[in-house]
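Report on the following structure.
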C-alpha cells in the first residue's frame, strides 16, 4: 500500500507536467492501478486531457482509461461531448474507432442524445470497420436515449443487408438484442431474418438469429411451424456444438409455445432428446451440464420422452461435478410419476448415504422432499412409505433442514387423516429415541423434528397405543437440553397426552392409574418451570397449577377427564397460505383510516416515552396471571369454539375422522410390531421404507392381477357384443390405485376469496423504454437533434471578432458564402465606425443623432445594394457548355433593412405529413437582433408545429440571437394534410433591434410559399422499376410545352432535378425520363424532350391535381431560363 | 432489492469479463454494464472466490445471482464472462477462446506476463473483438489486422515524434 501511494504521488507529479507523452504514461499507469482496485476518479480531468491529445497513441490510452473508470456519475463526462464528436468525424478511421469503443463503455443519456445523430451518420460510413462499430454502439445509445430508436431504425434495418459480413452480423446482433426485450415490435422483420437464416453460413450470426426467432415465436405461432423444418435440418447437419445447442433450445421453445402437441412434431422432440443424450453422454462436463439443462426444458412439456432416459440421468447423479449432479436432481424432480417415485427416491436415499459434503447432502434432502411433496403429494401412493422416508432422513448428520422435515411431517399428519395412526406411532418412536437425535450437538438442526413429533403425538393422542410410555419419554430430564421452542411444544402436548390418558383411565375405571399419571406430571413438571426460556416457564407453571387442581378434584373422586379433554377439543384444519389475503374487506371498513388519531407532532418528545412505558407496565401486570382455574379455561375454550362455529372463515372439519378409518384396512397390516427395538445405535424402525417398496410392488402386482382378471371376465362377458371396449390393458399410471383411500385435505380458502392476479410486471424495467412501435411512421418531433447550421460564416472569417460565436458549423452554402463575405466586409467597416462613434458618444447628443441618421442612410444604401444582387435562387446560366452554375434552393422569404430571410422546404421521408422549413436569418443592420419570434397564420391544410401547450396564435421563438452581419439558420416543422396543391401561408417575424440608442420592436411580414415540388423527395429509381410503374397504368397523365428555351439540355435536367427534386432515370440524347416521389408516396414520372427551341414534358402521376400543379411550377421555372 | 438493481442495470449480452490468475490476482476487467466501483469490487471478490474454489473437473458454468458465469482456464489464467440467462454458454466459451486466440496471435504464444506488461494492448484487442458486450468481429484476421494497423499508426506517429529529438 505504501508503495502504491508512493506511485500515486509520482503519477500526480507526472500529470502536472505539460508533456503529453508523460501525461499519457501516467494515465496508463493509473489505468493499471484502477484494475488493481484503486480509486482513480480524481484523475478524470487528466484523462480527458489525454483523450483530446492529437496523437493516436495517447488518445488511445486516454479513451481506454475513460472507458475503464468513467460512469454516469462522472461529472466531467459532459466536457467530452465535443471532443468525442470531433474524433467521430476524424478522417482517421482508428480515431473514430477508438472513440466509438470508448463511448460504448461510458455513454450517458446526455451523450447519447447529443451524439446519436453523429453515430447514425457513421452507420453509413464508407469503411465497414466504422460501420460495424457504429451499429453496435447504436444499441447502447438506444438504451440510454430511447427516443433515438425510431429515427435510427430504418438505417439499422438497411444494415442487415450490408455487403460486409461484419456489419451485417453487428446489425443482427443489435436487432436481436432489441427484439429479445420487446419482441412484438420486430415481428415484421421475421421474413427478412428467415431469409438470412436460410442463407447465412456464419455460425455466430445464425445463433443470434435463431435466438431472435426463439423470442418471436411465442407471439406468432405460425412462425414456429415454419421454423421447425430449417431448425431440424440444422440440428442434423451442424457440427458446431454451440449452434446445435442453440437450435435444440429454440426448437424446444418453439414447441412449448405451440403447446398443442402436434403429432408430426414428436419426431423433432425425439430428435432433440437424442441429440441431448449425446451431449449428456459426452465426456466434456460442459456439454453434459448443458444437455441436462436443456433436457429439463423439454421435460416441462414432454415428460414422457425424457422419462425414457431415466437411466442416464440417474447415472449423472454419480458424476464428480456437483453442478451436474444438481442439474440431474432438477431433472428428476420433473420425471417422477406415481410409478417410479419410490424407485427414484430409493436411489436418492442411497446417494444421501454416500454423499460427502453437507451442502450437497442437504440439497439432496430438500430435493427428496420437493419431489415427494410436489403438487400436493400428487405422486405419493403410500403415505406410510413417505413417513418412513422422512423418519429415515432424520438420521442425517448435521443437516440444516430439520425444520423442513418437521414441516413435512406436520403437513402430512394433519392433511392425510388416514395416516395419522401410523404417523403417531412413528413419532412416538422418535420421541422415545429423542436422546439419539438430540444428544449430538452437531445434530441440533435435526432436533426440529422432535417439535413435529411432540406435536403430532399430542394432537392425535387418541391414536397412541402406548401413551404412557410416550408421556414418560417426554418428561425425561434430557428434554430440558432441547431448544426452548421445542420444549414449549413438549409441555403443551404433554397436557394433551395427559388429558387423553386421563380419559382412557377414567373410562376404564382405573382411578389409581389416573392418579399415578397425575402424580408423575406433578413430579416432573417443575423441571420445566425452572426453564430459562420464558415460554416454557410460563406454560409449565400454568399447567402445573392446572394439574395440581385436577389432583385435588381426583382426590375428591370427581370425574375430571371430560373437562380436561375439552381443553383441546376441536380440530385443526390446514389453511391455505393465501387465505388471509383473500378475505374480502367488509363493506364500510376502511383499512387506511386511523384507528386512533395519530399523535400530533406538537407533542414534546419527552412526554411520549413516559406514556408508552406506563402502558407496558399495565400490560405486564395483566399477563402475570398464570393461575387461571380450570373452569375459566374450559369456559374460554367453549367460548372460542362457539366463536369458531360462528366464524365463517374458520372452516370446520368435514366428516369425522373415525368413519374414515373403517375403510382403511391397510393400516392394521403394517408391520409396526416387527420393529427391532434392541438395535441401540439406530433409530429403530428406520429401514422400513425399503419394505414399502417391496410391499408396494406386491400390491401393484396383485392389483394388476385382479384387474386383469376382471378384464378377462369382462372380456368374456362382452365378447362379441362390444368389441370396442376390448382395449389392450396397459399399466398406465392411473391404474395404480393408492394403498389407502387417502384423503388429502386441500388447503382452505375463505369462501368468498377473491381471485388475485399476482404477476404484475416490474415497472422499473429499463427495456420498457425501448418498447417502441417501429412500424409507425416517424414524427418530426422525434427527429434526432441535428447540429444545425449555425453562424455558418463566422468560422470562415477569423478576423471578424464577433461575440457569441459557436464553433460548430457545417457545409456552408457556396453561393451564400460569397454573398455574405461581402456583407461581412461591410459589417466590419461599420463596426469600426461604430466603435469610433461610441467613443464620442458621451460628448454630444447631437453627434449621436447625426450618427444615427448616418447609420440609417447606410442601411438604406445597403439594403439597396443587396436588392441589386441577383436573387439567390434564380440562376441565369445562359452560356452553353459552361460548368453548371451554382444553384441554391434557398429562396427569398422577406427582407427589411434589418433582416433578410431566405428559406428552403424539405420533405421528410419518414413522415408523410410533415415538411421542414429551414429559414436563414441574416442580420443586415449594425444592431443586435434578438427575441426573434416567427409566427404563421395556419391554414386548414397546413399548420406550423408548435410546442405542446401553446396556442395557434403563439409564435415560435427563433433559438438564437443575431449580432450584426451574422446569419444563422433555424428549422420549423409544418404539418399538412393534402399535398396536391401548392400553399401560401402569411406570417410575421417580430424581433427586437438593440443598438446603442436603445431597443425597438420591429416586424416583418412574409409569405411562405409551399410549392408542390417541396413535397417531393429525390428518390432514385431503376429503369426496370420505372418501366413497370409506367406499365401499371394507374397513373394520370398530363403534359406541358415551354417555348424559347435556350439553355442546354444538361442544364435543364439539372434544374429540374435541383428545384423540383427529381432524379434522372435514363437519358437518351435529348430525351430523358425522370422520377420522383412525394412524401405521401405519390409516384411522379416525367418524360422530358427537348426540341429546337422548346421543351415538352409529359408527366404521369397517381394524382392528377398534383401532377398539373407540378407541371405548372416547372413551366414557371423553365420560362425564366 | 439490490439484486433487482443488478438485473435492471444489465443490458448487454456479456455483462463483464474478468481475467485473473490462479492466485486470485485480477489481470483484466472489462465492464459492459455500469455499476458503482464498490459494487464491482464486491462482485469481483465474490466471483474470483467462487471460481477458484471450483474443482478443475467441473463444468465451466456457474449460476450466479441471475446471471451465468462462464469461465475457462488457460494455463495460469482464468477467463470469466458473465452472461444472461438466455444466452448461449457454448457460444460464450467460444468467445473466450477466440479472445485467447487473438491474444495468442498478437503476442505470439501469449503468457500471463504478456498481459501484465502489455495490459493496454490486451484491452485494445478486447475492444476490437467485443464492443459494448457484443461480439463485433467474428473474423480473426480482420480483428488482428485492425489492431496491427492501429499499432502501425501509433508507431509511425511515435517515430515522427521522436525524430526531432535526435
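Chains as they are written, first to last, in UniProt numbering: chain A, 1 to 1121; chain B, 1 to 166.
For each residue, glycine too, the CB sits at the ideal point set by N, CA and C.
Residues bridged to residue i (per DSSP)
i                       : result
residue 87 of chain A   : The partner list for residue 87 of chain A (beta bridge, DSSP) is empty, contrary to what the question assumes.
residue 1083 of chain A : A/1077
residue 392 of chain A  : None, per the DSSP bridge assignment.
residue 995 of chain A  : A/998
residue 894 of chain A  : A/901
residue 204 of chain A  : For residue 204 of chain A, which the question treats as bridged, DSSP gives no partner whatsoever.
residue 914 of chain A  : A/975
residue 71 of chain B   : B/80
residue 988 of chain A  : A/935, A/1005
residue 1063 of chain A : A/1075
residue 1101 of chain A : A/1036, A/1084
residue 238 of chain A  : Looking at the DSSP assignment, residue 238 of chain A forms no beta bridge with any residue, so it has no partner.
residue 63 of chain B   : B/68
residue 157 of chain A  : Answer is none; residue 157 of chain A lacks a bridge partner.
residue 18 of chain B   : B/29, B/80
Close Cβ partners of residue i (< 8 Å) along its chain, the five nearest in sequence each way excluded
i                       : result
residue 500 of chain A  : 461, 462, 464, 467, 565
residue 1066 of chain A : 1023, 1026, 1072, 1073
residue 728 of chain A  : With a pLDDT of only 40 at residue 728 of chain A, under the threshold of 50, the placement of this residue in the model should not be trusted, and no figure is reported.
Length of the line joining the Cα atoms of residue i and residue j
i                       : j                       : result
residue 412 of chain A  : residue 390 of chain A  : 10 Å
residue 931 of chain A  : residue 1001 of chain A : 10 Å
residue 494 of chain A  : residue 341 of chain A  : 36 Å
residue 6 of chain A    : residue 80 of chain B   : 32 Å
residue 425 of chain A  : residue 496 of chain A  : 16 Å
residue 945 of chain A  : residue 1003 of chain A : 21 Å
residue 349 of chain A  : residue 332 of chain A  : 13 Å
residue 136 of chain B  : residue 162 of chain A  : 14 Å
residue 539 of chain A  : residue 338 of chain A  : 44 Å
residue 85 of chain A   : residue 118 of chain A  : 7 Å
residue 355 of chain A  : residue 481 of chain A  : 30 Å
residue 1073 of chain A : residue 971 of chain A  : 33 Å
residue 41 of chain B   : residue 178 of chain A  : 29 Å
residue 1050 of chain A : residue 1070 of chain A : 9 Å
residue 233 of chain A  : residue 1077 of chain A : 44 Å
residue 91 of chain A   : residue 935 of chain A  : 41 Å
residue 83 of chain B   : residue 369 of chain A  : 32 Å
residue 128 of chain B  : residue 143 of chain B  : 6 Å
6 Å Cβ shell around residue i - same chain, five flanking residues per side excluded
i                      : result
residue 367 of chain A : 329
residue 652 of chain A : A caution first: residue 652 of chain A carries a pLDDT of 43, below 50, which makes its placement in the model unreliable, though a value can still be read off. Same-chain partners within the cutoff: there are none.
Cross-chain neighbours of residue i in chain C, by beta carbon under 8 Å
i                      : result
residue 132 of chain B : Of the protein chains in this structure, namely A and B, none is chain C.
Endpoints, the beta strand (DSSP E) within which residue i is located
i                       : result
residue 932 of chain A  : 928-936
residue 1114 of chain A : Residue 1114 of chain A -> not in any beta strand (DSSP E); alpha helix (DSSP H) instead, spanning 1104-1119.
residue 942 of chain A  : 942-944
Beta-carbon proximity list for residue i, same chain, < 7 Å, skipping 5 on both sides
i                      : result
residue 829 of chain A : Unreliable placement is indicated for residue 829 of chain A, whose pLDDT of 48 sits below 50; no coordinate value is reported for it.
residue 937 of chain A : 985, 986, 987
residue 48 of chain B  : 20, 24
residue 230 of chain A : 197, 198
residue 373 of chain A : 408
residue 322 of chain A : 360
Inspect the CB distances between the stretch 93-112 of chain A and the stretch 47-62 of chain B and report whether three or more fall short of 8 Å.
no
| Are at least three pairs of beta-carbons, each pair with one atom in the stretch 991-1000 of chain A and one in the stretch 923-930 of chain A, less than 8 Å apart? | yes
- prompt: Between the stretch 266-280 of chain A and the stretch 108-126 of chain B, do at least 3 Cβ pairs fall closer than 8 Å?
  reply: no
**Study point:** Sufficient close CB pairs (3 or more, under 8 Å) joining the stretch 892-901 of chain A to the stretch 1002-1019 of chain A
**Key:** yes
Hey, is the stretch 1038-1057 of chain A in contact with the stretch 1086-1099 of chain A, meaning 3+ C-beta pairs nearer than 8 Å?
-> yes
Discussion item. Below 8 Å, how does it come out for the stretch 526-537 of chain A and the stretch 503-518 of chain A: are there three or more Cβ pairs, yes or no?
Written reply: no
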